[in-house]
Amino acid sequence: GAVVSQHPSWVICKSGTSVKIECRSLDFQATTMFWYRQFPKQSLMLMATSNEGSKATYEQGVEKDKFLINHASLTLSTLTVTSAHPEDSSFYICSAQQGSGAEAFFGQGTRLTVV
Amino acid sequence: GESVGLHLPTLSVQEGDNSIINCAYSNSASDYFIWYKQESGKGPQFIIDIRSNMDKRQGQRVTVLLNKTVKHLSLQIAATQPGDSAVYFCAYNFNKFYFGSGTKLNVKP
Chain A
11 GAVVSQHPSW VICKSGTSVK IECRSLDFQA TTMFWYRQFP KQSLMLMATS NEGSKATYEQ
71 GVEKDKFLIN HASLTLSTLT VTSAHPEDSS FYICSAQQGS GAEAFFGQGT RLTVV
Chain B
32 GESVGLHLPT LSVQEGDNSI INCAYSNSAS DYFIWYKQES GKGPQFIIDI RSNMDKRQGQ
92 RVTVLLNKTV KHLSLQIAAT QPGDSAVYFC AYNFNKFYFG SGTKLNVKP
């Protein structure tokens with residue numbers, strides 16, 4: 011299957027700082043990318059959907075000013091957690107889709123720990 | 032919003048037995064469904080998919096059944112192996128991909 015690379019795989023940051031997570035589709039053009047958040051022993055919660063060249067669509071309850079999403083090209087989307095706090099510590103996962111109705115391929119996830 | 036459950040249920044099976052994992056979805060307009068396997072600390076891994084114009088699809092050792100009437104999806108794993116131990120999620124597509132609540136599968140040797 012297609013490859014989606016997510017970087018970094020883990021990051022530890024100080025409270026109040028910002029962290030950027032990258033999601034790249036390596037061998038296909040992703041018209042849509044999704045960002046999820048996963049707490050331990052829980053399901054993946056969709057945070058936002060981003061389409062290349064347009065503003066991301068955030069799910070209800072997700073602060074768009076805190077979780078900045080940029081989808082500047084068909085192969086790259088970034089999620090920036092701004093002014094991170096310990097409660098933002100979580101596993102963040104991206105997925106990329108080549109066209110509506112197509113399979114979504116997932117990155118390996120990023121473990122964020124805010125101390 | 033879409034139904035996404037919390038607190039994973041656990042299914043324990045003996046090695047060699049068949050496993051059946053279930054998923055309920057809430058959006059009747061969903062037309063594409065995928066089962067994913069997630070191992071600890073990793074991203075979801077594609078297992079099998081099915082579109083809404085089908086009610087059954089088979090892969091290698093896995094079968095997915097779709098019942099659109101009751102909005103229910105199941106994953107059957109034949110001859111379950113220790114390597115199948117993981118958390119299994121269904122995902123359903125309606126403009127976006129939403130995940131079901133997930134089931135943790137424990138395979139006992």
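Residue numbers (this note's numbering), protein chains in the order written: chain A, 11 to 125; chain B, 32 to 140. All residues carry an ideal CB built from backbone N, CA and C; glycine is no exception.
Residues bridged to A/Q107 by DSSP?
A/T42, A/A114
Does the beta carbon of B/L39 come closer than 7 Å to any beta carbon on chain D?
Note that chain D does not occur in the displayed structure, where the protein chains are A and B.
Helix, strand or coil for B/E70, going by three-state DSSP, please let me know.
coil
Please classify B/D115: does DSSP put it in a helix, a strand, or coil?
helix
Look at A/F44 and A/T59 and say whether their C-beta atoms are less than 7 Å apart.
yes
Simplified DSSP assignment, three categories, for A/E62
coil
Is the Cβ-Cβ distance between B/T134 and B/I52 less than 7 Å?
yes
Can you tell me whether A/E69 is helix, strand or coil according to DSSP?
coil
Taking the alpha carbon of A/C33 as the point to measure from, which residue in A/W20, A/I103, A/R121, A/Q108 has its own alpha carbon closest?
A/I103
Between B/Q69 and A/G63, what straight-line distance do the alpha-carbon atoms span, to the nearest angstrom?
31 Å
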